[in-house]
């Protein structure tokens, strides 16, 4: 029997000014819940303007936070179903 794979679409949005980039990440899960995270990057005044690099750093930090929140969510769900405290997922 073949099982249907579930897909997630992650949205990343960026806001930038002359020295700072902010990334907002959002994933909608198949259970209807949403997980959101943010990441930031700051450009040192002596660095050249490279907006794409700021997006990559801020985006990576937002995705890293999103990953940690998903691990925590999964860990909490394991505890809830099992009725015991499980080892942290890392």
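In my numbering, the protein residues as written are 1 to 90.
All residues carry an ideal CB built from backbone N, CA and C; glycine is no exception.
Here the structure is a predicted model, which is why all the values come from computation and not from measurement.
- In the structure shown, the three-state DSSP call for residue 83 is coil.
- Considered as a whole, the region 34-83 harbours 51-82 as its complete alpha helix (DSSP H) runs of no fewer than 4 residues, in chain order.
- The beta-bridge partner set that DSSP reports for residue 26 consists of 11 and 36.
- Counting C-beta pairs closer than 8 Å gives three or more between the region 19-26 and the region 42-60, which meets the contact rule.
- Assigned with DSSP and collapsed to three states, residue 2 falls in coil, not helix or strand.
- Around residue 59, the same chain offers 12, 14, 23, 25 and 39 as residues with beta carbons nearer than 8 Å, after the five sequence neighbours per side are excluded.
- Our two residues, residue 82 and residue 76, have alpha carbons roughly 10 Å apart in a direct line.
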